[in-house]
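So the sequence lines, in the order shown, correspond to chains A and B. Residues in the first sequence are numbered from 1 upward in steps of one, following my numbering. Residues in the second sequence are numbered from 385 upward in steps of one, following my numbering. Glycine is no exception: its CB is placed at the ideal position from the N, C-alpha and C atoms. Data first, discussion second: the structure below is written as structure tokens.
There are 2 protein chains.
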Amino acid sequence: MSVTAAKGFTAAGIAAGIKESGGPDLALVVNEGPRLAAAGVFTANRVKAAPVLWSEQVVKGGQISAVVLNSGGANACTGPRGFQDTHATAEKAAAVLGGSAGEIAVASTGLIGVYLPMDKLLPGIEKAAAELSAHGGEKAAIAIKTTDTVHKTAVAQSAAGWTVGGMAKGAGMLAPGLATMLVVLTTDADADAAALDRALRAATRTTFDRVDSDGCMSTNDTVLLLASGASGTVPDEAEFAEAVRTVCDDLARQLIGDAEGASKDIRIEVVGAATEDDAVEVGRSLARNNLLKCAIHGEDPNWGRVLSAIGTTSAAFDPDRLNVAINGVWVCRDGSVGDDRDLVDMRYREVRITADLAEGTESATIWANDLTADYVHENSAYSS
Amino acid sequence: MSVTAAKGFTAAGIAAGIKESGGPDLALVVNEGPRLAAAGVFTANRVKAAPVLWSEQVVKGGQISAVVLNSGGANACTGPRGFQDTHATAEKAAAVLGGSAGEIAVASTGLIGVYLPMDKLLPGIEKAAAELSAHGGEKAAIAIKTTDTVHKTAVAQSAAGWTVGGMAKGAGMLAPGLATMLVVLTTDADADAAALDRALRAATRTTFDRVDSDGCMSTNDTVLLLASGASGTVPDEAEFAEAVRTVCDDLARQLIGDAEGASKDIRIEVVGAATEDDAVEVGRSLARNNLLKCAIHGEDPNWGRVLSAIGTTSAAFDPDRLNVAINGVWVCRDGSVGDDRDLVDMRYREVRITADLAEGTESATIWANDLTADYVHENSAYSS
């Protein structure tokens, strides 16, 4: 499945020696055509990794013939040398695969502030190219893992004969705008770059952009959508947009489900908002409130922490009309003590917080994780 | 010392039975005059506890004759009943101490969303009044602790004959705007309410408002400054402002030093900013970045996390000109790899992060803590 579920794509994942562990760390995804249409969405972080700066330019041309992805190093905050390394990566891939370096996207993930071992990465591209296969999607998904415990793939198929497939990595530094998250989606639908861009932006706005595991926005987030046109079918625009959204949503949920140290997935539903922006702002403030995240970890329906987080936002609400439910029990009504908190059952991994602003009819859902001692352990030792 | 360091004040701290532990939980601070001037600064959280709503009104009159403070319950998100409880507290104190309930400030701290046990609190006021003493400041400071491991007091004395003293509590839900922090400052300087207000606002802006332990703004933050005029000396305004700032700064540092679960105090200095607002915004984004806080806990000079946090702000900067020092070692220069990170010694409790935006001459210092497994443990079990 993964990026090779759609016709017209080959992929490979290999161990190039970039990671000290010796594990898989280099992936190639190649669009075999006939089309080379592509769109991309990148991190909103103003400190952008070299591969993001590079790939943003590539996407502007509307064509991507191949994507080179590496784990084991983010190539972020590496200055001119880092950018030259990304450029050399694209040049090498173009030399090996044919075509222009200007149509090769590059994505990197791992530690910020270290140079990539180009003496290993460049030979790795040759090795990966030799292993390209129409069944290589799984191996590519495995090669981009960092602290991910599982690889993430998803697929949606249309009765009209086309397919959207994808892979993702991301477990930490996982917050919107976008969430160190690399995603490559592929489709054999016959869609041009503009159509891909519309579908991708609409899909990421309500999926990856509403995932907030730890409030920390990455320097490297990249979501690419490549179309080969190999199905020979021009998709219905609405159906195609929904297929892309479905695959993005599936991958986004997998990211939350595998977040560093997490023991709970928190579905934050903000309802009764005056505007969608208000709902998103409130949802994000809950997603980033460490005290609330600790309470959820402790299976403690501490709704006071929900209200104190709502109170820090600029959303429209009256403190005396706020209602909060945890797993369906309205523990806070009209800004004060509601139903018996002992009725809340929080034993399962998914916890649902519903915050009713009682101001209107708009809503938004944000996915977050609890804050755990395991998260602290994993992230206090990561680079050492 | 504490709130009775200045002449004209008595205080007491007793166990009223509000806390299940049976520990001290009720404090009284009484201004014996001749002046009853006062100023106050309160939480910027839009969800405000009943005692905050009450005391904001009291402060508007410019006079406070006494402050009743309780731990063991925040009386926040308790609706009309909670406000009636605060009102009854002020009425009881007025009946016992004399004077008007409209000049009695009330402050509460503890769990949000539970009603106070008024059958214990009201008799406690009588008991505390019977123990009022010019040496009672220490006991008052002890009675307002919640998860604080130590009580916090500070004092500054002027050669002109007046004194500023104070007490504070706060260990979690500790973030600006203001930081569950209750602070009572007293002075025997002969200053009116307007002068107190100017000094207090100037002092809190660069002290309590620049403490950000866990990014979570409380519903109950209250800082009061009471003047008795008992020294008979009208203070020089600049000297008085500096004394108030010194006491606030001392107490703010004590709050950070005792923050829940913390093993490191992080001094975040943002320099080279175009504006002070930019410096504060960048400082806060570092203070609230969980990945950076975990890295500091792990004694890992992970400057990439500093840059990724700066990148989420709207401050003026060029990513290729950013410089970062950790404990004086410039590990990041011009947005890229700088001096050897192995030179950074992070064994001690205080860690200094200097972020140079290379855009101007403005600066700001924010104090924060690391994120630890102990913080998670303490806050996943607090209400259960």
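{"Asked": "Local Cβ density within 10 Å of threonine 603 of chain B, reported as buried at 16 or more and exposed below that", "Found": "buried"}
{"Asked": "Pairwise C-alpha distance: asparagine 753 of chain B and arginine 731 of chain B", "Found": "15 Å"}
{"Asked": "Contacts that methionine 217 of chain A makes with chain B (C-beta to C-beta distance below 8 Å)", "Found": "Ser692, Gly695 and Thr696"}
{"Asked": "Cβ distance (whole Å) where aspartate 188 of chain A is taken to contact serine 231 of chain A below 8 Å", "Found": "4 Å"}
{"Asked": "Between the CA atoms of glutamate 665 of chain B and proline 560 of chain B - distance to the nearest angstrom", "Found": "Because the pLDDT of proline 560 of chain B is 46, which lies under 50, any placement of that residue in the model is unreliable, and the number read from its coordinates should be weighed accordingly. So the alpha carbons of these two residues sit roughly 12 Å apart."}
{"Asked": "Reduced DSSP secondary structure (H/G/I, E/B, other) of arginine 419 of chain B", "Found": "coil"}
{"Asked": "Closest by C-alpha distance to alanine 395 of chain B, when choosing among B:Gly401, B:Val387 and B:Asp702", "Found": "B:Val387"}
{"Asked": "Cross-chain neighbours of glycine 688 of chain B in chain A, by beta carbon under 7 Å", "Found": "Ala76, Cys77, Leu111, Ile112 and Gly113"}
{"Asked": "Where asparagine 429 of chain B meets chain A, residues with beta-carbon distance less than 8 Å", "Found": "Ser308, Gly311 and Thr312"}
{"Asked": "Given isoleucine 488 of chain B as reference, the closest of B:Ile496, B:Leu500 and B:Ala474 once Cα atoms are compared", "Found": "B:Ala474"}
{"Asked": "Entirely enclosed alpha helix (DSSP H) segments - the segment 461-545 of chain B, minimum 4 residues", "Found": "463-481, 502-514 and 521-527"}
{"Asked": "CA-to-CA distance, leucine 322 of chain A to glycine 463 of chain B, given in whole angstroms", "Found": "11 Å"}
{"Asked": "Any chain B beta carbon closer than 7 Å to glycine 335 of chain A", "Found": "yes"}
{"Asked": "Residues bridged to serine 720 of chain B [DSSP beta-bridge criterion]", "Found": "B:Arg717"}
{"Asked": "Exposed unless 16 or more other CB atoms sit within 10 angstroms - verdict on histidine 135 of chain A", "Found": "exposed"}
{"Asked": "Min CB distance leucine 371 of chain A to chain B below 7 Å", "Found": "yes"}
{"Asked": "Sequence-distant residues of the same chain with beta carbon closer than 7 Å to alanine 477 of chain B, five excluded per side", "Found": "Ala450, Val452, Ile488 and Ile509"}
{"Asked": "Residues in the segment 132-155 of chain A having any Cβ partner in chain B nearer than 8 Å", "Found": "none"}
{"Asked": "Proximity test, Cβ basis, 7 Å: proline 619 of chain B and chain A", "Found": "no"}
{"Asked": "The segment 107-125 of chain A / the segment 37-45 of chain A touching (three or more Cβ pairs under 8 Å)", "Found": "no"}
{"Asked": "Among B:Asp718, B:Val618, B:Lys403 and B:Asn459, the one whose alpha carbon lies nearest that of serine 308 of chain A", "Found": "B:Asn459"}
{"Asked": "Chain-ordered chain A contacts of histidine 471 of chain B [CB-CB under 7 Å]", "Found": "Chain A residues near histidine 471 of chain B: none, gap ~16 Å exceeds 7 Å."}
{"Asked": "Chain A contact for leucine 675 of chain B (CB, 7 Å cutoff)", "Found": "yes"}
{"Asked": "Contact with chain B by proline 344 of chain A, beta-carbon distance below 7 Å", "Found": "As written in the sequence, residue 344 of chain A is valine, which differs from the proline given in the question. No, because no Cβ of chain B sits closer than 7 Å to the Cβ of valine 344 of chain A."}
{"Asked": "Opposing strand residues paired with alanine 748 of chain B [DSSP bridges]", "Found": "B:Val654"}
{"Asked": "Contact set for glutamate 239 of chain A: own chain, Cβ-Cβ below 8 Å, skip 5 residues either direction", "Found": "Ser158 and Ala160"}
{"Asked": "Where the beta strand (DSSP E) containing alanine 194 of chain A begins and where it ends", "Found": "Here alanine 194 of chain A belongs to no beta strand (DSSP E); instead the alpha helix (DSSP H) covers 193-205."}
{"Asked": "Local conformation of threonine 10 of chain A per DSSP, three classes", "Found": "strand"}
{"Asked": "Under 7 Å between C-beta atoms of arginine 672 of chain B and glycine 554 of chain B", "Found": "no"}
{"Asked": "Selected residue, minimal CA-CA separation from threonine 312 of chain A, among B:Val431, B:Val480 and B:Gly457", "Found": "B:Val431"}
{"Asked": "CB contact check: serine 764 of chain B to chain A, cutoff 7 Å", "Found": "yes"}
{"Asked": "Cβ-Cβ distance between valine 567 of chain B and alanine 552 of chain B below 7 Å", "Found": "yes"}
{"Asked": "Bridge partner(s) assigned by DSSP for leucine 185 of chain A", "Found": "A:Gly166 and A:Leu225"}
{"Asked": "Neighbour list for aspartate 598 of chain B in chain A, Cβ cutoff strictly below 7 Å", "Found": "Asn290 and Leu291"}
{"Asked": "Interface positions of the segment 435-453 of chain B facing chain A (Cβ-Cβ less than 8 Å), listed along the chain", "Found": "none"}
{"Asked": "Backbone secondary structure at asparagine 70 of chain A - three-state DSSP", "Found": "strand"}
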